[in-house]
Amino acid sequence: MSKFLNALTASAVAVSVLATPAMAENLGLGRAATPDEIAAWDIDIRPDGQGLPEGSGSVMDGEVLYTEKCSVCHGVFGEAVGRWPVLAGGDGSLSDDRPVKTVGSYWPYLSTVWDYVHRAMPFGDAQSLSNDEVYAITAYLMYLNYLVEDDFVLSKENFLEVRLPNEDNFFMDDRADGELVAFAKPEICMSDCKDSVEITARAAIIDVTPEDADARKARAARLGMDVSESEGAASAGEDDATQEAAASAPAESGEPALDMALVAEGERVFKKCAACHQVGEGAKDRVGPVLNGVIGAPFGHVDGFRYSKGLLEMADEGMVWTEDNMAEFLRKPRDYIKRTKMSFAGLRKDEEIAAVIEYLKSFSE
């Protein structure tokens, strides 16, 4: 992206040199840009819709285009692949220590989305999309962020009707009159410095994600271990005797004890789901809902989450998540729930499905 922006800046400078006869005469360089040359660069879209071309695109067409042209980097449902940007989810996370800045949680205007897709995407083939294709992909990104329904068609005429949730939190840059003045000092302070710097705390690294002390305690409690055992299990795998003891311990609720070896395997497989779903203490809705207590819960049981129409129809029929129908869903989500927003292709192996279900069962609340 930095290379693209550098090239764009260099080209913009070149165009500015050609912009007027007066500049060309004064500098002795170039010539005045023709109207067609100016029009080729004048493709920005303003928040009020100025600059939008004629055209339209539906969510359904956008899904096909997005899957083909965008999902390799941004994931099949906007969760991102590797270190590419996340496009969906992150609702309410901006005040967190690690905010998730997406189109739905952070971006200010829909015009920014349209303009960026049109100007810079797909990566490596920028500006290859037609106007209708850009409208369709933009509509699908709105759908991934629960801002429109699956039958929505975006066009120049209804463009301003879609407002992004974080728009009101953007304001004009006032740093020149505010913080820059406060920090402007005639001399750099070089006195009263500390004699030494010492480390007062360290991050506990579990896989590649830091976890704080509360998270380690919660994990240890769930696995029936003390904190030291939990930390050892995270780095070297759980001791077989510990697993057997935990698996054979009677459940306080009277329900069958969990297979802790299967739970541990499920935790590993669940990483395929973790981009969109959270479990455990402090879990929040992301692209998908929190999955605490999902086994045995009614369909659509998470208050405030915007489920797909297909799932809500099944909820109205009184459907409840069981191990059997969860297995069927995890195998082929889109075959089990028509028009689901979950684009995940599914888990192919029966043992992985069983492990994930056992893992989910370990989060009863």
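Numbering-wise (this note's numbering), the sequence shown opens with residue 2 and increments by one.
Each residue gets a CB set at the ideal place from its N, CA and C atoms; glycine is no exception.
inquiry  = What residue range does the alpha helix (DSSP H) around leucine 361 cover?
reply    = Here the question's residue 361 lines up with position 360 in the sequence shown. Note, leucine 361: alpha helix (DSSP H), 351-362.
message = Taking DSSP's pairing of strands, which residues face leucine 155 in a bridge?
response = Along the sequence shown, read from residue 1 onward, the residue named residue 155 stands at position 154. Gly58, per the DSSP bridge assignment.
query = Would a C-beta distance cut-off of 7 angstroms place leucine 292 and histidine 278 closer than the cut-off?
reply = Taking the first residue of the sequence shown as position 1, residue 292 is located at position 291. Taking the first residue of the sequence shown as position 1, residue 278 is located at position 277. A contact, by the Cβ cut-off of 7 angstroms.
message = By DSSP's criteria, proline 290 is part of a beta bridge. Which residues make up the other side?
response = Start at 1 with the first residue of the sequence shown, and residue 290 comes out as number 289. Proline 290 is not bridged to any residue.
Endpoints, alpha helix (DSSP H) assigned at methionine 143 = Your numbering for residue 143 matches position 142 in the sequence shown. Its alpha helix (DSSP H) spans residues 132-145.
ask   = Between Asp286, Ser129, Tyr360, Pro334, which lies nearest to leucine 312 when the distance is taken from Cα to Cα?
value = By 1-based counting over the sequence shown, the position of residue 312 is 311. Here the closest residue by C-alpha is Pro334.
Sufficient close CB pairs (3 or more, under 8 angstroms) joining the stretch 49-61 to the stretch 156-169 = yes
According to DSSP, residues forming a beta bridge with valine 369 = In the structure as shown, the chain begins at 2 and stops at 366. Residue 369 is therefore absent and cannot be evaluated.
query = So what's valine 149 in DSSP terms, helix, strand or just coil?
reply = Here residue 149 refers to the residue found at position 148 of the sequence shown. In the structure shown, valine 149 sits in coil (DSSP, three-state: anything other than H, G, I, E or B).
ask   = In angstroms, rounded to a whole number, what distance separates the CA positions of glycine 50 and alanine 328?
value = Translated into the one-based positions of the sequence shown, residue 50 becomes position 49. Translated into the one-based positions of the sequence shown, residue 328 becomes position 327. Their Cα atoms are separated by approximately 46 angstroms.
Coarse secondary structure for proline 299, derived from DSSP in three states = As a working note, residue 299 is residue 298 in the sequence shown. If DSSP states are grouped into helix, strand and coil, proline 299 belongs with the strands.
query = Which class does valine 280 belong to by DSSP, given the choice of helix, strand or coil?
reply = As a working note, residue 280 is residue 279 in the sequence shown. If DSSP states are grouped into helix, strand and coil, valine 280 belongs with coil.
Cutoff 7 angstroms; reference tyrosine 337; Cβ partners in own chain excluding five residues on either side = Within the sequence shown, the letter at position 336 stands for residue 337. Excluding positions up to five away in sequence, the list reads Glu329, Phe330.
message = Looking at the strands, I want to know which residues DSSP matches up with tyrosine 321.
response = As a first step, residue 321 must be located in the sequence shown, where it is residue number 320. The question names tyrosine, but residue 321 in the sequence shown is valine. For valine 321, which the question treats as bridged, DSSP gives the partners Pro299.
query = Using CA coordinates, which residue listed in Ser363, Leu130, Asn167, Ala41 is at the minimum distance from leucine 148?
reply = The residue labelled residue 148 in the question sits at position 147 within the sequence shown. Selected option, being the one with the closest Cα: Asn167.
task = Under 6 angstroms Cβ to Cβ from aspartate 356, same chain only, skipping five residues before and after it: list those, please.
result = Position 355 of the sequence shown holds residue 356. The sequence shown places alanine at residue 356, not aspartate. Excluding sequence neighbours, alanine 356 sits near Leu263, Glu266, Gly267, Val270.
query = For the stretch 74-94 against the stretch 274-288, are there 3 or more C-beta pairs whose distance is under 8 angstroms?
reply = yes
message = Once DSSP output is grouped into helix, strand and coil, what is the label at asparagine 326?
response = Position 325 of the sequence shown, counted from the start, is the residue given in the question as residue 326. Correct three-state label for asparagine 326: helix.
query = Are the stretch 102-116 and the stretch 34-52 touching by the rule of at least three beta carbon pairs closer than 8 angstroms?
reply = Enough Cβ pairs lie closer than 8 angstroms, so yes.
Same chain, Cβ closer than 6 angstroms to isoleucine 46, five either side skipped, listed in chain order = Position 45 of the sequence shown, counting from 1, holds the residue named residue 46. Once the five neighbours on either side are set aside, the close Cβ partners of isoleucine 46 are Gly52, Leu53, Ser112, Trp115, Asp116.
ask   = On the three-state DSSP scale, how would you describe glutamate 239?
value = Residue mapping note: residue 239 aligns to position 238 of the sequence shown, counting from 1. With a pLDDT of 42 at glutamate 239, under the threshold of 50, the modelled position of that residue is not reliable, and the figure given next carries that caveat. Coil at glutamate 239, not helix or strand.
ask   = The alpha helix (DSSP H) with isoleucine 39 in it runs from where to where?
value = Residue mapping note: residue 39 aligns to position 38 of the sequence shown, counting from 1. Segment 36-42, the alpha helix (DSSP H) holding isoleucine 39.
Residue of Ile296, Val303, Gly347, Val288 minimising C-alpha distance to serine 365 = Position 364 of the sequence shown, counted from the first residue, corresponds to residue 365. Ranking Ile296, Val303, Gly347, Val288 by Cα distance to serine 365 puts Ile296 first.
message = Given this structure, state the Cα-to-Cα distance separating aspartate 126 from phenylalanine 345, to the nearest angstrom.
response = The residue given as residue 126 occupies position 125 in the sequence shown. The residue given as residue 345 occupies position 344 in the sequence shown. Approximately 26 angstroms, taken between the alpha carbons.
request  = Compare the beta carbon distance of isoleucine 354 and glutamate 324 with 7 angstroms and say whether it is the shorter of the two.
outcome  = The count along the sequence shown starts at 1 and reaches residue 354 at position 353. The count along the sequence shown starts at 1 and reaches residue 324 at position 323. Going by C-beta atoms, isoleucine 354 is not nearer than 7 angstroms to glutamate 324.
request  = Using 10 angstroms around the beta-carbon of asparagine 146, count the other beta-carbons present and answer buried if the total reaches 16, otherwise exposed.
outcome  = The residue you call residue 146 lines up with position 145 of the sequence shown. By the 10 Å Cβ count, asparagine 146 comes out buried.
ask   = Does DSSP put asparagine 167 in a helix, a strand or coil?
value = Within the sequence shown, the letter at position 166 stands for residue 167. Note: asparagine 167 maps to coil in three-state DSSP.
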